[in-house]
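Asks: For what it's worth, the working numbering labels the leading residue of the sequence shown as 302, then goes sequentially.
To start, I am sharing the structure in question, which I have written as structure tokens.
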Amino acid sequence: MSFEDHLRGDLWLLVYLPLQLRALRTDVYHGPAVFLPHVKLGYRTVVTIHDLVSFLFPNTVPRKYSLYMRLMTRLAARSADRIIAVSHATKADLVDILRVPSSKVVVIHEAVGEGVHAADRAPRRRSTPWSPATASAGRTACSSGTSSPARTCRD
302 MSFEDHLRGD LWLLVYLPLQ LRALRTDVYH GPAVFLPHVK LGYRTVVTIH
352 DLVSFLFPNT VPRKYSLYMR LMTRLAARSA DRIIAVSHAT KADLVDILRV
402 PSSKVVVIHE AVGEGVHAAD RAPRRRSTPW SPATASAGRT ACSSGTSSPA
452 RTCRD
């Protein structure tokens with residue numbers, strides 16, 4: 302079921318899924334990307350929240366999407382038994398913006414596959430912003446796959 306079709310996706314998430322989880326006698330349900338059934342029928346819930354772009358940078362996403370994601374993020378943060386934040390920055394945003402108790406949020410960084418290894422084990426130092434000059438000087442640039450200001454490389 303695609304969440305691009307919000308009406309059917311929401312009905313699946315908010316009605317069908319909770320009934321299925323109860324029928325399966327589920328202990329814990331994990332929503333890996335904000336979406337979570339908000340009605341709990343005997344099971345606990347954990348949700349992963351990757352960022353609060355729709356709160357911090359609403360101009361970078363379509364308005365309808367921003368409003369929808371703000372609603373779903375608030376509901377998930379309120380109803381989840383535990384929240385996984387993918388960075389300390391996201392945890393701080395959850396605490397500051399949505400007033401989620403810090404004790405409810407655990408930081409688990411997203412990882413790369415086993416085939417990816419650090420080039421060297423030298424201690425990390427704070428990097429300077431990327432520019433052609435720093436790139437040609439052999440410094441490493443951080444990329445999030447987009448030029449959106451919402452996708453910075455903090456924490």
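For glycine and all other residues, C-beta sits at the position ideal for the given N, C-alpha and C.
Might you give, ordered along the chain, the residues of its own chain that have their beta carbon closer than 7 Å to the beta carbon of residue 337, omitting 5 neighbours on each side?
Replies: Excluding positions up to five away in sequence, the list reads 346, 348, 377, 380, 381.
Asks: Take the Cβ of residue 333 as the centre, count every other Cβ of all protein chains shown within 10 Å, and call the residue buried at 16 or more, exposed below.
Replies: When all chains shown are included, residue 333 counts as exposed.
Asks: Between residue 396 and the rest of its own chain, which residues show a CB-CB distance below 6 Å, the 5 nearest in sequence each way excluded?
Replies: Answer for residue 396: 403, listed in chain order.
Asks: According to DSSP, simplified to helix, strand and coil, what is residue 324?
Replies: Residue state, collapsed to three classes: helix.
Asks: Do you know how far the Cα of residue 351 is from the Cα of residue 311?
Replies: So the alpha carbons of these two residues sit roughly 20 Å apart.
Asks: Can you name the residues that DSSP bridges to residue 390?
Replies: DSSP, once it has assigned bridges, lists no residue as partnering residue 390.
Asks: Which residues mark the beginning and the end of the alpha helix (DSSP H) in which residue 375 is found?
Replies: Segment 364-380, the alpha helix (DSSP H) holding residue 375.
Asks: Enumerate in chain order the residues of its own chain whose CB-to-CB distance from residue 369 is below 7 Å, with the five nearest sequence positions on each side excluded.
Replies: For residue 369, where only same-chain residues beyond five positions count, the Cβ hits under 7 Å are 307.
Asks: Can the beta-carbon of residue 406 be found less than 7 Å from the beta-carbon of residue 386?
Replies: Contact flag set, yes.
Asks: Exposed or buried, residue 328, counting other C-beta atoms within 10 Å across all chains shown (16 or more means buried)?
Replies: Exposed, because fewer than 16 other Cβ atoms sit within 10 Å of the Cβ of residue 328.
Asks: What are the start and end residues of the alpha helix (DSSP H) that includes residue 354?
Replies: Where residue 354 is concerned, the enclosing alpha helix (DSSP H) stretches over 354-357.
Asks: Grab me the residues of residue 362's own chain with a C-beta within less than 7 Å of its C-beta, minus the 5 sequence neighbours each way, in chain order.
Replies: So the list reads 354, 355, once near-sequence residues are dropped.
Asks: Suppose contacts are defined by Cβ-Cβ distances below 7 Å. Is residue 343 in contact with residue 364 by that definition?
Replies: No, they are not a contact pair.
Asks: Where does residue 401 land, buried or exposed, given buried means 16+ other C-beta within 10 angstroms?
Replies: Buried is the call here.
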